[in-house]
DNA sequence: TAATTAATGCAACACCGTTGTAATAAATTA
DNA sequence: TAATTTATTACAACGGTGTTGCATTAATTA
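Chains as they are written, first to last, in our numbering: chain L, 426 to 560; chain P, 426 to 560.
Next comes the structure, spelled out in structure tokens:
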């Protein structure tokens, strides 16, 4: 995890390391605005490009929920190296109370079969009240 | 379906009727670009506002898939009157071959339970090859 | 350390969606 | 149906978001 960038064969720069460390400071998914806020010195364009590179290398994945800003979260070890082969065993949960979006692991991931369809990938987004707020 | 607008208690205007008829011409979800293309005379701003009103009244729903333009599809009869209570028994399927996004009904919709979580809503997005292309 | 390759950041731009407002059309009331 | 009220349309203008070209600077390689 410390030499993640070198493993992914991209240059290790202070900016990228700082973005990575911000991701690691949160257990949940975060939007660009959080990254911008946390960066010591931040350049809009460099951040966009960094996010694109991280997405392309499978370092992070994007969570797109209707009506929300895009959120980003660190990928698990076994994620693919690009967005198409990217695969995970978790769902994306949006808490309507605290607003936080998290990746939640499922023991048994639902299977869906549609006659005549070939299903390659499932993305499941749930919303409700998270375990922290639900007390 | 013909007096949909009046049922929803919004004014019936030529523009809105034309947008509605475009939705009815497609069995699948469509992005704004398709609506723009099909409108005889189209005003960008009015279209945005029309879509917003349709969304708010539960006439259409938005399908947001990572990396795609937003798509819109006519809601079923039993959809709620706003986006929050909006509920459906279908998943959103993106065909990687033809690119078309459809709402596909499921006989048995998967249930997901997470310890300590309260799940109000599920949005399921699948991708692969649709029944038309898969032949 | 020198040469090569890649990342950064500035300027400038295009696109997307929104807002204020005047004109116009639809709905309501008498 | 005509007059009034209410809502919609469309123009002008704007702000935000994401992108590209390019010169500078930093990281990697030999």
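Note that beta-carbon positions come from the ideal geometry of N, C-alpha and C, so glycine has one too.
Strictly below 8 Å CB to CB, what residues from chain P border residue i?
| i | result |
| --- | --- |
| residue 553 of chain L | 542, 543, 544, 545, 546 |
| residue 556 of chain L | 539, 540, 541, 542 |
Going along chain P, which residues have a C-beta under 9 Å from residue i?
| i | result |
| --- | --- |
| residue 491 of chain L | 486, 487, 488, 489, 495, 508, 548 |
| residue 559 of chain L | 541, 542, 543 |
| residue 518 of chain L | 539, 542, 544 |
| residue 529 of chain L | 539, 542 |
Please list, in chain order, the chain L residues whose beta carbon lies closer than 8 Å to that of residue i.
| i | result |
| --- | --- |
| residue 448 of chain P | Chain L residues near residue 448 of chain P: none, gap ~18 Å exceeds 8 Å. |
Which residue or residues does DSSP assign as beta-bridge partners of residue i?
| i | result |
| --- | --- |
| residue 419 of chain L | Outside the shown range of chain L (426 to 560) lies residue 419 of chain L, about which nothing can therefore be said. |
| residue 527 of chain P | P:518 |
| residue 552 of chain P | L:546, P:519 |
| residue 488 of chain P | P:496 |
Among the residues of its own chain, which have a CB less than 8 Å from the CB of residue i, if the five just before and after it don't count?
| i | result |
| --- | --- |
| residue 450 of chain P | 463 |
| residue 433 of chain L | 482, 483, 484, 506 |
| residue 452 of chain P | 527 |
| residue 458 of chain L | 494 |
Hey, residue i and residue j: beta-carbon distance below 8 Å or not?
| i | j | result |
| --- | --- | --- |
| residue 545 of chain P | residue 495 of chain L | no |
| residue 515 of chain L | residue 530 of chain L | yes |
| residue 413 of chain L | residue 547 of chain P | The question about residue 413 of chain L has no answer, for chain L in this structure spans 426 to 560. |
| residue 498 of chain L | residue 528 of chain L | yes |
| residue 559 of chain L | residue 541 of chain P | yes |
| residue 491 of chain P | residue 489 of chain L | yes |
Which same chain residues end up closer than 7 Å to residue i when comparing Cβ atoms and leaving out the 5 residues on each side of it in sequence?
| i | result |
| --- | --- |
| residue 441 of chain P | 430, 475 |
| residue 471 of chain L | 440 |
| residue 554 of chain P | 520, 521, 522 |
| residue 460 of chain P | 444, 447, 472 |
| residue 437 of chain L | 430, 431 |
| residue 479 of chain L | 485 |
| residue 524 of chain P | none |
| residue 454 of chain P | 488, 496, 497, 498, 526, 527, 528 |
| residue 543 of chain L | none |
Excluding the five sequence neighbours on either side, which residues of its own chain have a C-beta within less than 6 Å of the C-beta of residue i, listed in chain order?
| i | result |
| --- | --- |
| residue 469 of chain P | none |
| residue 518 of chain L | 527, 529, 551 |
| residue 456 of chain L | 494, 496 |
| residue 467 of chain P | 461 |
| residue 465 of chain P | none |
Starting from residue i, find everything on chain L with Cβ-Cβ shorter than 9 Å and list it in chain order.
| i | result |
| --- | --- |
| residue 535 of chain P | 535, 536, 537, 549 |
CB of residue i to nearest heavy atom of the ligand ATP: below 7 Å?
| i | result |
| --- | --- |
| residue 544 of chain P | As far as ligands go, the structure on display features none, and thus does not contain the ligand ATP. |
> Do the region 533-543 of chain L and the region 475-491 of chain L meet, that is, are 3 or more Cβ pairs less than 8 Å apart?
Replying inline: no
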